Amino acid sequence: MLEVAYILVAIALIVFLVYLIITVQKLGRVIDETEKTIKTLTSDVDVTLHHTNELLAKVNVLADDINVKVATIDPLFSAVADLSLSVSDLNDHARVLSKKASSAGSKTLKTGASLSALRLASKFFKK
1227 MLEVAYILVA
1237 IALIVFLVYL
1247 IITVQKLGRV
1257 IDETEKTIKT
1267 LTSDVDVTLH
1277 HTNELLAKVN
1287 VLADDINVKV
1297 ATIDPLFSAV
1307 ADLSLSVSDL
1317 NDHARVLSKK
1327 ASSAGSKTLK
1337 TGASLSALRL
1347 ASKFFKK
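Reading the sequence shown from the start, the letters are residues 1227 to 1353 in this note's numbering.
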């Protein structure tokens, strides 16, 4: 009877060892696939990083170009704003002088209004 128990223990030990060997082999295959995946990812990341650096360099060049062009255009917008203010002032003064001239009706006032308008216009065109 003791011999049968030894045989059963030996068979159980053999079955356990076969199961353990199969499990270790599967684990080895999983580790091999993991290594392949890591190598592939590393090369893909290197390529992506290279492309990203190229793209970033191009974006920096474009940003510098835009900054130069905006700096060139800024004085133009300032001049247009000044011109707009001058035209608005000219319109306001012309309106005031027109009201004074129409209400007073005198030649002196009309002449003075004309001279004031001419002075304002000359200031406008000097800018």
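Where is the CB? At the ideal position from N, CA and C, for every residue including glycine. Remember, it's a predicted structure, so these values are computed and weren't measured experimentally.
6 Å CB neighbourhood of residue i in its chain, flanking five on each side removed
i       : result
PRO1301 : none
Sequence-distant residues of its chain with Cβ nearer than 8 Å to residue i (five each side left out)
i       : result
ASP1290 : none
Beta strand (DSSP E) runs contained entirely in the stretch 1267-1299, provided each spans 3 or more residues: DSSP runs (the beta strand (DSSP E)) wholly in the stretch 1267-1299: none.
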